[in-house]
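Protein chains in written order, with our numbering: chain A, 921 to 1260; chain B, 921 to 1260.
There are 2 protein chains.
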Amino acid sequence: MVLVTLADVARRAGVSPTTVSYVINGKRSISEATRERVAKAIAELGYHPHLGAKALASRRSNVIAVTVPLQGDKHVPLIAEIVMEVAVTARRHGRNVLLLTGTEVVDDLRGVTMGGAADAVILMDVELEDPRVEQVRGTQVPSVLMGLPADPSGLVCLDLDCVGNGAACADHLADLGHHEVVLIGESEIVYQRHKSFADRTLDGFMRRAAERGMNAHFRPCEGTFESTAGTLARILGERPGTTGFVVLHQAAIPHVLSLLPQLGRVVPEDASVVAVCPDRTAVQTSPQVTNVAVPAAQLGSRAAELAVAQLEGETVEGVTLIGPTLTVRGSSAPMRAPRA
Amino acid sequence: MVLVTLADVARRAGVSPTTVSYVINGKRSISEATRERVAKAIAELGYHPHLGAKALASRRSNVIAVTVPLQGDKHVPLIAEIVMEVAVTARRHGRNVLLLTGTEVVDDLRGVTMGGAADAVILMDVELEDPRVEQVRGTQVPSVLMGLPADPSGLVCLDLDCVGNGAACADHLADLGHHEVVLIGESEIVYQRHKSFADRTLDGFMRRAAERGMNAHFRPCEGTFESTAGTLARILGERPGTTGFVVLHQAAIPHVLSLLPQLGRVVPEDASVVAVCPDRTAVQTSPQVTNVAVPAAQLGSRAAELAVAQLEGETVEGVTLIGPTLTVRGSSAPMRAPRA
DNA sequence: GTGAAAGCGCTAACAA
DNA sequence: TTGTTAGCGCTTTCAC
Chain A
921 MVLVTLADVA
931 RRAGVSPTTV
941 SYVINGKRSI
951 SEATRERVAK
961 AIAELGYHPH
971 LGAKALASRR
981 SNVIAVTVPL
991 QGDKHVPLIA
1001 EIVMEVAVTA
1011 RRHGRNVLLL
1021 TGTEVVDDLR
1031 GVTMGGAADA
1041 VILMDVELED
1051 PRVEQVRGTQ
1061 VPSVLMGLPA
1071 DPSGLVCLDL
1081 DCVGNGAACA
1091 DHLADLGHHE
1101 VVLIGESEIV
1111 YQRHKSFADR
1121 TLDGFMRRAA
1131 ERGMNAHFRP
1141 CEGTFESTAG
1151 TLARILGERP
1161 GTTGFVVLHQ
1171 AAIPHVLSLL
1181 PQLGRVVPED
1191 ASVVAVCPDR
1201 TAVQTSPQVT
1211 NVAVPAAQLG
1221 SRAAELAVAQ
1231 LEGETVEGVT
1241 LIGPTLTVRG
1251 SSAPMRAPRA
Chain B
921 MVLVTLADVA
931 RRAGVSPTTV
941 SYVINGKRSI
951 SEATRERVAK
961 AIAELGYHPH
971 LGAKALASRR
981 SNVIAVTVPL
991 QGDKHVPLIA
1001 EIVMEVAVTA
1011 RRHGRNVLLL
1021 TGTEVVDDLR
1031 GVTMGGAADA
1041 VILMDVELED
1051 PRVEQVRGTQ
1061 VPSVLMGLPA
1071 DPSGLVCLDL
1081 DCVGNGAACA
1091 DHLADLGHHE
1101 VVLIGESEIV
1111 YQRHKSFADR
1121 TLDGFMRRAA
1131 ERGMNAHFRP
1141 CEGTFESTAG
1151 TLARILGERP
1161 GTTGFVVLHQ
1171 AAIPHVLSLL
1181 PQLGRVVPED
1191 ASVVAVCPDR
1201 TAVQTSPQVT
1211 NVAVPAAQLG
1221 SRAAELAVAQ
1231 LEGETVEGVT
1241 LIGPTLTVRG
1251 SSAPMRAPRA
């Protein structure tokens, strides 16, 4: 099982290495006869090009690096799923994917791009102030940011249309006739840190709710059963007339759905619940929850495509937002007639 | 931003390239003075080694490839999470991770290992008959299989102790005093395909249940709300005395928990439910469900460690099974006294 | 349509 | 403790 080289193939086919190289990457015309002999030799020898050598000589690695900062409070499963989809799409376009996970991502990133190990980069979970952003802005490496940094100018970004998502939730509840609504958000620290995701969703919701003439409020939530119970108790204590609930924190969704009935609000008769979560999650609750999708697959493949496009020299636009898709399921319904 | 090479560093530090190389990978002793000058030059120039060149010259890529076959019915989120953990651990050991996802994984695998792009391989989600297995057995590439192939001889495998998991569920229910128990499994096709995971769990459960003198049954389940309802109706129709439920299908867990009360079985007073799922999932249901853990993090990091160990020349044993960890939560409780 | 030859940036004998 | 030298397997001018 010793390494078969291009030279071996050339010898066997009775041609020069140059020719073999060109047969493989089709960068110049080759007579049908030679092509066949080379192909035969390749098959017989079981030749596979050495990617490192190729990268060295051609000065491009054909690799897209994906950096995933993993410091604490991330929603790992979602990110992981997006990454998988990035990989699928990238491979479909003939690129390999290098997965950089960890805490010192900036160093890794530098090493990998400077070291010619990757010729494009996808940054997962970019926050408002993200050290990786300066890194990619500095070097001229093609990159795609998932998330919105404070200053996205000159960068290719991809994100959920969070504002739109929040607005869609508000619209849905307004359409159903709700007046007193609340958004149950992420943990308090998420807001203190101003992660753009949470902030923007909240913003879109509050604005649209106001526009639609609803009374809207907000409460952060830790996501555990206890904290969700506490949050709900508080909400219903202060505003018992609340009938519309938007749930951002993934973990809180099942709890809200099971707690509301215990608090005398049958879903969806007495209260409507809308969640922001992947469709897969939405159908696993009972009742299934009306949701604005967080489309992991779409995010992942789009990111990969944006990266590939840059590698192929296309000019891609700045910020791409993936718009809201609300699916009505069993947790939301028109308000009961006020007094019937 | 032009590429800084080892030669540049050498020139600047006034030493030979060899010396720089050795300073970097510490494979021979260097005087403190030289080391410092080289370090200084590296810092000043912002040097980063070219990984492709390194791989070419040293004949090792320092990369671990992870192959994930994605054909249809996989539980993507779980696999994705394991992969992330593999990456974290591999990086911690100084290895990069190449993510091979797709459908023609065997070809990819061949190309990447033969092409010297990776010097070890982790195969995710290995089934009884898996084409990748022959591939790695043929070449002598260090590999770790997640899952058990029909013939694991000579291979390094890592898997959940499914038999043990099934047995642990049976034991727990037996300890609580249940007599009529059922395992709600994966989709029927999963069993037809004899995916070892499902088969072995079922096996462990049935055996242990028999040993503990319980009456045990089994029903496959599609995981949707409807199919779960159907499955439960059937179970309780045929054996209304069933009080112990083991749920394998992740998606069915919330449905079982919410359907049982509707069928007159309050959980955990009238019926105990045990699930096989990640702890994170277990705490998101209500009530939280007693579960045998599917430890994604542990699986991932262990796999990476096994790969690294082989790369460092250690001899690692054949099959590693990760034993059952059952956590009692709110969905299981001792049987009520028969007639109190 | 095909070859010869000069590297790409790094490592690792071998020498000193 | 340090330097010289010869490649690793491939791409790519330039010449035929």
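Every residue gets a Cβ at the ideal spot worked out from N, C-alpha and C, and that includes glycine.
When the beta-carbon positions are compared, VAL1101 (chain A) and ALA1129 (chain A) come within less than 9 angstroms of each other.
Taking the CA atoms as reference points, LEU1179 (chain A) sits about 7 angstroms from ALA1149 (chain A). For the pair ALA1118 (chain B) and GLY1036 (chain A), the CB atoms are not nearer than the 9 angstroms cut-off.
Boundaries for GLU1237 (chain B): no beta strand (DSSP E) harbours it, and the DSSP string shows neither H nor E there.
Identification of residues in the segment 1136-1148 of chain A having a C-beta nearer than 7 angstroms to some C-beta of chain B yields PHE1145, given in sequence order. Beyond the five residues adjoining it in sequence on each side, VAL1076 (chain A) comes within less than 6 angstroms, by CB distance, of VAL1064, LEU1226, VAL1236 in the same chain, given in chain order.
Ranked by how close their Cα comes to the Cα of ALA1087 (chain B), the residues B:VAL1212, B:ALA1007, B:PRO1140 have B:VAL1212 in first place.
Under the three-state reduction of DSSP output, PRO989 (chain B) falls in the strand class. About 15 angstroms separates the CB atoms of PRO1051 (chain A) and VAL1032 (chain A); that is not less than 8 angstroms, and the two are not in contact. In this structure, VAL924 (chain A) and VAL943 (chain A) do not form a Cβ contact; the two beta carbons are roughly 15 angstroms apart against a cut-off of 8 angstroms.
Residue nearest to ARG1057 (chain B) within the set B:ALA1038, B:VAL1083, B:ARG1030 is B:ARG1030 (criterion: CA-CA distance). Under the 10 Å beta carbon count, GLU1005 (chain A) is surrounded by 16 or more other beta carbons and is classified as buried.
Around the beta carbon of ARG1015 (chain A), 16 or more other beta carbons sit within 10 angstroms, so the residue counts as buried.
For ARG1154 (chain B), the number of other beta carbons within 10 angstroms of its own is below 16, and it is reported as exposed. For chain B, the residues of the segment 997-1010 of chain A that bring a beta carbon within less than 8 angstroms of one of its beta carbons are PRO997, ILE999, ALA1000, GLU1001, VAL1003, MET1004, ALA1007, VAL1008, in chain order. Shown here for VAL1167 (chain A): same chain residues with a beta carbon closer than 6 angstroms to its own, the five before and five after excluded, namely ILE1104, ILE1173, VAL1176, ALA1195 in chain order. When secondary structure is reduced to three states using DSSP, CYS1089 (chain A) falls in the helix class.
Nearest C-alpha to GLY1143 (chain A) among A:ALA953, A:ASN982, A:GLU1106, A:ALA1040: A:GLU1106. In terms of Cα proximity to GLY934 (chain A), the closest of A:PRO989, A:VAL1248, A:GLU956, A:LEU1096 is A:GLU956. The C-beta separation of LEU1093 (chain A) from GLY1164 (chain A) comes to about 4 angstroms, placing the pair in contact by the 8 angstroms criterion.
Residue environment analysis places VAL1041 (chain B) among the buried positions, since at least 16 neighbouring C-beta atoms fall within 10 angstroms of its C-beta.
Within the segment 1219-1235 of chain B, no residue has a Cβ lying closer than 9 angstroms to any Cβ of chain A.
Taking a C-beta distance under 9 angstroms as the contact criterion, MET1044 (chain A) and VAL1008 (chain A) do not qualify as a contact pair. For GLU1100 (chain B), the uninterrupted beta strand (DSSP E) segment begins and ends at 1100-1104.
Per DSSP, ASN945 (chain A) is one residue of the alpha helix (DSSP H) stretching across 937-945. Under the 10 Å beta carbon count, VAL1228 (chain B) is surrounded by 16 or more other beta carbons and is classified as buried. With a contact defined as Cβ atoms closer than 8 angstroms, SER1252 (chain B) and VAL1214 (chain B) miss out at about 18 angstroms.
Taking 9 angstroms as the cut-off, the beta carbon of LEU1018 (chain A) is found no closer than this to the beta carbon of VAL988 (chain A). Not a single CB atom of chain B sits nearer than 9 angstroms to the CB of ASN1085 (chain A). When the beta-carbon positions are compared, GLY1250 (chain B) and GLN1208 (chain B) come within less than 9 angstroms of each other.
Near chain A, meaning a CB-to-CB distance below 8 angstroms, the residues of the segment 1014-1043 of chain B are ASN1016, VAL1017, LEU1018, LEU1019, LEU1020, THR1021, GLY1022, ASP1028, ARG1030, GLY1031, VAL1032, MET1034, GLY1035, GLY1036, ALA1037. Only exposed fits GLY966 (chain A), as fewer than 16 other CB atoms lie within 10 angstroms of its CB. Taking 9 angstroms as the cut-off, the beta carbon of ARG1222 (chain B) is found closer than this to the beta carbon of THR1240 (chain B). Near chain B, meaning a CB-to-CB distance below 7 angstroms, the residues of the segment 1171-1199 of chain A are ALA1171, PRO1174, HIS1175, SER1178.
In this chain, the alpha helix (DSSP H) harbouring MET1126 (chain B) covers 1116-1131.
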